[in-house]
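Peer 1: Take 42 as the starting number for the sequence shown in the numbering used here and just add one per residue.
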Amino acid sequence: MAKGSAKGLVSEEQFLPSKDNAAVARYVKLYQLGLEYPTSEAEEQALLSKYQLKHGDVVSFNDYRDTSSYIVFRQKDGKLILLSNPDDRSAGYLTIPKEVLADMKDAVEFYKDFIHDDQPSLNLHLSPKDSFVVEHFGQVPDTFEFNVWWDWGEMDSIDIKVPGFDWDSFEPDTINRQIIEERYFSGRSLCTV
42 MAKGSAKGLV SEEQFLPSKD NAAVARYVKL YQLGLEYPTS EAEEQALLSK YQLKHGDVVS
102 FNDYRDTSSY IVFRQKDGKL ILLSNPDDRS AGYLTIPKEV LADMKDAVEF YKDFIHDDQP
162 SLNLHLSPKD SFVVEHFGQV PDTFEFNVWW DWGEMDSIDI KVPGFDWDSF EPDTINRQII
222 EERYFSGRSL CTV
């Protein structure tokens, strides 16, 4: 892992987790220490350990948008790795992919500190079992996909992918379970699908 001069920057201690934020994602700006993306698996593992990063945390190696941001991902074998920001808008904005969110019960709560008026864009690929989805749409089949977008701290849109259909984008206050049933299932209840 290459290091730049950290003089005049910040101390490493501020990048360690506090007991207060164990249940929320951390956004760790390692570029402030002059650190660059690890060049080997051993360096990546050392970085993950040193800064006590957990599944879902975000690490940034560049101060320009999220072009060099990575999401910590726990593989099935328990090993943590860094996943490159998928950047769904191809504009340097942060996207948390469904692989990271698949087993989370409340991703919106976990990333709540990322939803603010200084964050230009955040996209969460929510699991159909996420509490946000259940609260807004009830129980839906596991094959449904949901992308929820926030721009400058405000929920901007909810994108939904139902098998057999293309992605549809809805304004948050215009979409509910009834609209999903009418649009995709000719008014039949999702319970019978």
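For each residue, glycine too, the CB sits at the ideal point set by N, CA and C.
Who pairs with Trp190 in a beta bridge, going by DSSP?
Peer 2: DSSP lists Asn164, Ser198 as the bridge partner or partners of Trp190.
Peer 1: Nearest to Thr136 by alpha carbon, out of Thr184, Tyr92, Val113?
Peer 2: Val113
Peer 1: Taking 6 Å as the limit between beta carbons, can you name the residues of its chain near Val174, skipping five residues before and five after?
Peer 2: Leu167, Phe187
Peer 1: Would the stretch 187-197 count as touching the stretch 216-227 if we require 3 or more Cβ pairs under 8 Å?
Peer 2: no
Peer 1: Label Gly179 either buried or exposed according to how many other C-beta atoms from any shown protein chain fall within 10 Å of its C-beta, with 16 as the threshold for buried.
Peer 2: exposed
Peer 1: What is the rounded straight-line gap between the Cα of His96 and the Cα of Ile216?
Peer 2: Just so you know, the alpha carbons of His96 and Ile216 end up roughly 30 Å apart.
Peer 1: To the nearest angstrom, report how far apart His283 and Ser162 are at their CA atoms.
Peer 2: A query on residue 283 cannot be resolved here, the shown segment of the chain reaching from 42 to 234 and no further.
Peer 1: Give the straight-line distance between the Cα atoms of Lys117 and Leu123, rounded to the nearest whole angstrom.
Peer 2: 14 Å
Peer 1: Terminal residues of the continuous alpha helix (DSSP H) containing Ser90?
Peer 2: 82-91
Peer 1: May I ask you to list the residues that DSSP assigns as paired with Ser227?
Peer 2: In the DSSP output, where bridge partners are listed per residue, Ser227 has none listed.
Peer 1: Give me the Cα-Cα distance between Arg80 and Lys146, rounded to the nearest whole angstrom.
Peer 2: Looking at the sequence itself, residue 80 is Thr, so the reference to Arg does not match. Roughly 33 Å separates the two Cα atoms.
Peer 1: Would you list the residues sitting across from Ser109 in a DSSP beta bridge?
Peer 2: Its beta-bridge partners do not exist; DSSP assigns none.
Peer 1: Quick one: is Asp214 buried, meaning 16 or more other Cβ sit within 10 Å of its Cβ, or exposed?
Peer 2: exposed
Peer 1: Per DSSP, what are the beta-bridge partners of Thr136 in this structure?
Peer 2: Note: Thr136 sits in a beta bridge opposite Asn164.
Peer 1: Just the C-alpha distance for Pro4 and Leu76, rounded to the nearest angstrom, thanks.
Peer 2: This structure does not reach residue 4, given that the chain is present from 42 up to 234, and the question cannot be answered.
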